[in-house]
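I have placed the structure first, in the form of structure tokens, so that the comments after it can refer back to it.
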Amino acid sequence: MRHQPEASHFINGAFVEDSEGEVIECIYPATGEVIARLHSATPTIIEQAISAAVEGQKVWARMTGTERGRVLRRAADIIRERNQALSELESYDTGKPLQETLVADATSGADALEYFGGLAAAINGEHIDLGGDFVYTRREPLGVCVGIGAWNYPTQIACWKGAPALACGNSIVFKPSETTPLCALEVAKILCEAGLPAGVYNVVQGYGNVGAALSTHANVDKVSLTGSVPTGQKVMAAAAAGIRHVTMELGGKSPLIVFEDANMDDAIGGAMLGNFYSSGQVCSNGTRVFVQRARMDEFLDKLIARTEAIKIGDPQDEATQMGPLVSSAQRDKVMDYIAVGNEEGAHMITGGKRLSLQGMENGFFVEPTVFSGVADNMRIAREEIFGPVMSVLTFDEEDEVVGRANDTEFGLSAGVFTSDLTRAHRVIAALQAGSCWINTYNLAPVEAPFGGYKRSGVGRENSRAAIEYYSQIKSVYVATGPVDSPY
Ligand code: NAD
263 MRHQPEASHF INGAFVEDSE GEVIECIYPA TGEVIARLHS ATPTIIEQAI SAAVEGQKVW
323 ARMTGTERGR VLRRAADIIR ERNQALSELE SYDTGKPLQE TLVADATSGA DALEYFGGLA
383 AAINGEHIDL GGDFVYTRRE PLGVCVGIGA WNYPTQIACW KGAPALACGN SIVFKPSETT
443 PLCALEVAKI LCEAGLPAGV YNVVQGYGNV GAALSTHANV DKVSLTGSVP TGQKVMAAAA
503 AGIRHVTMEL GGKSPLIVFE DANMDDAIGG AMLGNFYSSG QVCSNGTRVF VQRARMDEFL
563 DKLIARTEAI KIGDPQDEAT QMGPLVSSAQ RDKVMDYIAV GNEEGAHMIT GGKRLSLQGM
623 ENGFFVEPTV FSGVADNMRI AREEIFGPVM SVLTFDEEDE VVGRANDTEF GLSAGVFTSD
683 LTRAHRVIAA LQAGSCWINT YNLAPVEAPF GGYKRSGVGR ENSRAAIEYY SQIKSVYVAT
743 GPVDSPY
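All letters in the sequence shown, in the order written, are residues 263 to 749 by the working numbering.
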């Protein structure tokens, strides 16, 4: 098998196998072909990984921030040098087209390593003067962090969790999604090549039960999950038993509001990026597109034309703009939601069909699909579909649309398209979401905090904010005079 890694797990600086573990088949979503066969971690592998992380962390935390940062930045350089190969692997792992993976995956991972590598030497405590006595703080690592990934951005997630964790002096055991197990192994290998001490970044494969075992392990200090809300509830509850730190990057059903004064071409471009990029498998997608009544016809006409022009096909062809869904299960889930939308009475104005492409007849392709006439209470407007299905809703007034946009349990993202600057900021301030955009959608540079409100998450990734979630503050009171004791 052409993408078979050396072994399933990467522990203590080396590939490790335990063929007793349940088999994980890695399937290329464009063809349905098995491209690698791995094993889920056994209890022995889990123990080995956690022990390696405990020991590795001690070595890593003794190094200076500058030394740590140098390793991360070297890894970023190696990732950039190998962008082509890493992007191809990402495309095989996920089915996302090379046109996307060349610019959005390994490169985004490299950005995170470079950013946190640059920050590592500046992670400091402070000195607090008390007029004689003083307090100083030490910003210390948490210890061993567990990262658990979703399948949509396997390289990016491995780096977005790894980079801030390592910059702060933690070690990590990362469990990729069982659907996309390959890319994180490359990240681990590259970090090692860049000089990371053994045991500091480990990868173990596995299904949910392995994630659960890691989240409840006595030697784990923090769990960072990217996944769905139901998994987040389980992982957070498990972490609560040990009062462990958590970061939860969960799902969404985000609103994208298009006012009548918006540049329509930009708004349509934003809505398409926010629904069809990565075949719609992006957590922050703006899947409820509210369009002000006066421009609805124009919005839909142009949207249909541009949607029907999307080039769907072989992910390894750089001209392809949309690939398959990640798995047959995800394809079936999306097709079920399309059926639900039709049953609920929404108007399917384009797409809606499974595609059988020549030479890729067993791929998990679904046409980009748009529903108009969607009502707030329909399931397609309330539940996360995680596929190329856009729901378009009509609105009249600003207050009305803000209320409707906020009427959801989720709060990951939100977007506004308008040429009225004052309104843009007023509406964004009123929306309950953690990652927002004005006159664009879904850009997530490492410099900006990323994370959700409400059930969409806890904590933030990226930016200086992430340092807060991978470190803890020790406060040290220093007396400079005699102890004033009444006893
Ligand atoms: P998922 O929740 O099914 O799985 C996520 C990960 O959790 C997988 O690695 C899985 O093996 C593991 N897992 C499952 N049960 C577990 C348990 N009991 N304990 C510990 N780990 C367990 O999610 P998915 O289907 O892989 O990914 C899609 C979801 O991820 C969507 O809801 C999407 O919105 C969300 N997502 C969020 C972000 C974000 O940054 N907010 C980014 C990408 C994806």
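Ideal Cβ placement from N, Cα and C applies to all residues, glycine included.
### Message
Quick check on DSSP: helix, strand or coil for residue 401?
### Response
In the structure shown, residue 401 falls within a strand segment according to DSSP collapsed to helix, strand and coil.
### Heavy atom of the ligand NAD within 7 angstroms of residue 286 beta-carbon
Distances between the C-beta of residue 286 and the heavy atoms of the ligand NAD are all 7 angstroms or more.
### Task
Could you tell me the distance, in whole angstroms, from the CA atom of residue 423 to the CA atom of residue 409?
Those two C-alpha atoms are separated by around 6 angstroms.
### Message
Does the distance between the C-beta of residue 414 and the nearest non-hydrogen atom of the ligand ATP fall short of 7 angstroms?
### Response
What this structure holds is the ligand NAD, not the ligand ATP.
### Task
Measuring alpha carbon to alpha carbon, tell me which of 455, 465, 441 and 447 ends up nearest residue 434.
Ranking 455, 465, 441 and 447 by CA distance to the CA of residue 434 puts 465 first.
### Message
The alpha helix (DSSP H) that contains residue 354, what's its start and end?
### Response
Per DSSP, residue 354 is one residue of the alpha helix (DSSP H) stretching across 345-356.
### Task
Identify every residue that forms a DSSP beta bridge with residue 295.
In the DSSP assignment, residue 295 forms a beta bridge with 290.
### Query
Where DSSP assigns a beta bridge to residue 616, which residues make up the other side?
Answer is 628, bridged to residue 616.
### Task
Could you check the C-alpha separation between residue 636 and residue 655 for me, to the nearest Å?
C-alpha separation (whole angstroms): 5 angstroms.
### Task
Below 8 angstroms on the Cβ atoms is my guess for residue 416 versus residue 442; work out the distance and round it to an integer in Å.
Sure, about 4 angstroms apart at Cβ, within 8 angstroms.
### Query
Going by other Cβ atoms of all chains shown within 10 Å of its Cβ, with 16 needed for buried, is residue 256 buried or exposed?
In the structure as shown, the chain starts at 263 and stops at 749, and residue 256 therefore has no counterpart that could be examined.
### Message
For residue 432 and residue 323, what's the separation of their Cα atoms in angstroms?
### Response
Rounded to the nearest angstrom, the two C-alpha atoms are 7 angstroms apart.
### Query
Would the beta-carbon of residue 291 fall within 8 angstroms of that of residue 538?
No; because the gap between Cβ atoms is not below 8 angstroms, this pair is not in contact.
### Query
Per DSSP, residue 734 forms a beta bridge with which residues?
Secondary-structure assignment with DSSP links residue 734 through a beta bridge to 402.
### Query
If you measure from the CB of residue 465, is any heavy atom of the ligand NAD nearer than 7 angstroms?
No; taking the cut-off as 7 angstroms, the Cβ of residue 465 has no heavy atom of the ligand NAD nearer than that.
### Residue from 578, 383 and 437 whose Cα sits closest to the Cα of residue 407
Considering only alpha carbons, the answer is 437.
### Query
Mind checking whether residue 641 and residue 606 have CB atoms under 8 angstroms apart?
The answer is yes: Cβ separation under 8 angstroms.
### Query
Unbroken alpha helix (DSSP H) runs of length 4 or more, entirely within the region 542-625: which are they?
DSSP runs (the alpha helix (DSSP H)) wholly in the region 542-625: 558-570 and 590-606.
### Task
Measure from the alpha carbon of residue 624 to the alpha carbon of each residue in 705, 598, 552 and 295, then state which is nearest.
Looking at 705, 598, 552 and 295, the one whose alpha-carbon comes closest to that of residue 624 is 295.
### Message
Looking at the strands, I want to know which residues DSSP matches up with residue 699.
### Response
Residue 699 pairs with 677.
### Query
Looking at the structure shown, is residue 439 part of a helix, part of a strand, or coil, going by DSSP?
Three-state result, residue 439: coil.
### Task
With distances taken Cα to Cα, identify the nearest neighbour of residue 561 among 595, 696 and 523.
Selected option, being the one with the closest Cα: 523.
### Task
Grab the span of the beta strand (DSSP E) containing residue 653 for me, first residue to last.
That run of the beta strand (DSSP E) goes 651-657.
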